[in-house]
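Engineer:
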Amino acid sequence: MSYRKKWEKKFGKIPEGYEIHHIIPKYDGGTDDLENLMLVTKEEHSKIHLQRYEEFGNFRDLCAYHMIGYNFTEAHKISSSNGGKIGGKKVYQNKIGIFRDDEERKQWAKLGGKKGSQVQIENKIGIHSQTREERLKLASKGGKASPTFKDPKMQSEFGKRGGKKNKGFIWVNDGKKSYKYTKNKQEEKSIEDFLLETPEFSIGRLRCIKECPYCKKTGNAAAMGRWHFENCKEKK
């Protein structure tokens, strides 16, 4: 059973705008036990991973920061292609984008370590500012249809109920082959968690470049197949 299903079985549907965070990351020996899970907003989630990266230097946290909210920046591309170690250090040293010297960002440093949950509870941050009854009440509202999902633009992007099964998929690749990370898979495991657990994968579809044996031109396989190879005008 996935950790999301474990949480929902215990507390009900996850409210819109909230995500499940592993207090101790799975790459650092954390588990999917409820004691290691906490409900946080997307903003809180991204800040926690940012501060974990700054404190511990693990590129998986930098990738998670960018993946939460689908913030595919150049820093993430660099960190993915170089294992995160070279690229992450480069963007940090050059103070690119997220690496600003603002006081608010520094306040989240205390949430970066394994004691992050304890600190959040003591300071009543995020979901811990509510009582257990309030959290359960909020969680119970998560399963109801939201106005956002009913929006035509959202339906167009992700596909209406009963539509094609791959609507809303995300292309991922392992450097050798591209795969569709479908909407159903995203419901089982978020794309950011998938990338954290399988660092050999990165976002994006690999381009398949082919060379026509007759005219020697190169290009995308799909386009080349229409005008070259057996259809090439240079073929004799």
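Quick note, the sequence shown lines up with residues 227 to 462 if you use the numbering used here.
Note that CB positions come from ideal geometry on N, CA and C, so glycine has one too.
Look at the Cβ atom of ILE294, then the Cβ atom of HIS271, and state whether they are nearer than 8 angstroms.
Structural biologist: Here the question's residue 294 lines up with position 68 in the sequence shown. Here the question's residue 271 lines up with position 45 in the sequence shown. Yes.
Engineer: Bridge partners of THR444, per DSSP?
Structural biologist: Walking along the sequence shown from the start, residue 444 turns up at place 218. DSSP, once it has assigned bridges, lists GLU437 as partnering THR444.
Engineer: In the structure shown, what three-state DSSP assignment does LYS231 receive?
Structural biologist: Here residue 231 refers to the residue found at position 5 of the sequence shown. Note: LYS231 maps to helix in three-state DSSP.
Engineer: Quick check: what's the CA-CA separation for TRP334 versus CYS441?
Structural biologist: For the purposes of this step, residue 334 is identified with residue 108 of the sequence shown, where counting begins at 1. For the purposes of this step, residue 441 is identified with residue 215 of the sequence shown, where counting begins at 1. The pLDDT assigned to TRP334 is 49, lower than 50, so where the model puts this residue is not dependable; a value taken from the coordinates is nonetheless given after this. One C-alpha to the other measures close to 59 angstroms.
Engineer: Tell me whether ARG431 is buried or exposed, calling it buried when 16 or more other Cβ atoms sit within 10 Å of its Cβ.
Structural biologist: Within the sequence shown, numbered from 1, the residue matching residue 431 stands at position 205. Exposed: under 16 other Cβ atoms inside 10 Å.
Engineer: Does the Cβ of TRP464 have 16 or more other Cβ atoms within 10 Å, making it buried, or fewer, making it exposed?
Structural biologist: Lying before the first or after the last residue shown, residue 464 is absent from the chain, which here runs from 227 to 462.
Engineer: ASN284: buried (16+ other C-beta within 10 angstroms of its C-beta) or exposed?
Structural biologist: Counting from 1 along the sequence shown, the entry for residue 284 is found at position 58. ASN284 should be labelled buried.
Engineer: Would you give the residue range spanned by the beta strand (DSSP E) that TYR405 belongs to?
Structural biologist: For this step, residue 405 is matched to residue 179 along the sequence shown. Counting along the chain, the beta strand (DSSP E) containing TYR405 begins and ends at 404-407.
Engineer: With PHE420 and LYS406 assumed to form a contact (beta carbons below 8 angstroms), what rounded beta-carbon distance in angstroms separates them?
Structural biologist: Sequence index remark: in the sequence shown, residue 420 carries index 194 (1-based). Sequence index remark: in the sequence shown, residue 406 carries index 180 (1-based). Not really, about 12 angstroms apart at Cβ, beyond 8 angstroms.
Engineer: So, with DSSP's three-state summary, where would you put HIS247?
Structural biologist: As a first step, residue 247 must be located in the sequence shown, where it is residue number 21. Strand at HIS247.
Engineer: Let me check one thing: in DSSP terms, what residues is MET264 bridge-paired to?
Structural biologist: Here residue 264 refers to the residue found at position 38 when the sequence shown is read from its first residue. DSSP output for MET264 lists HIS247 as bridge partner(s).
Engineer: Do you know how far the Cα of MET227 is from the Cα of GLU234?
Structural biologist: Position 8 of the sequence shown holds residue 234. Position 1 of the sequence shown holds residue 227. Cα-Cα distance, rounded: 11 angstroms.
Engineer: Compare the C-alpha of GLY256 against each of LYS236, PRO241, TYR229, LEU276 and name the closest.
Structural biologist: Residue mapping note: residue 256 aligns to position 30 of the sequence shown, counting from 1. Ranking the options by Cα distance to GLY256, first place goes to TYR229.
Engineer: Could you spell out where the alpha helix (DSSP H) holding ILE240 opens and where it closes?
Structural biologist: For the purposes of this step, residue 240 is taken as residue 14 along the sequence shown, with counting starting at 1. Counting along the chain, ILE240 falls outside any alpha helix (DSSP H), and DSSP gives it neither H nor E.
Engineer: So PRO425 and ARG278 are in contact, right, with Cβ under 8 angstroms, and what is the actual spacing, rounded?
Structural biologist: Numbered from 1 along the sequence shown, position 199 holds the residue referred to as residue 425. Numbered from 1 along the sequence shown, position 52 holds the residue referred to as residue 278. Not a contact, Cβ separation roughly 15 angstroms.
Engineer: On the three-state DSSP scale, how would you describe ASN399?
Structural biologist: On the sequence shown, residue 399 is found 173 positions in, with the first residue counted as 1. Residue state, collapsed to three classes: strand.
Engineer: Got a sec? Which residues, its chain only, sit under 6 angstroms from HIS247 by beta carbon, not counting five neighbours each side?
Structural biologist: If you number the sequence shown from 1, residue 247 lands on position 21. Within the same chain, HIS247 has close Cβ partners MET264, VAL266, HIS271.
Engineer: Skipping 5 residues on each side, what residues in its chain have a beta carbon closer than 8 angstroms to that of LYS443?
Structural biologist: Sequence index remark: in the sequence shown, residue 443 carries index 217 (1-based). Only GLU437, MET450, HIS454 meet the Cβ criterion.
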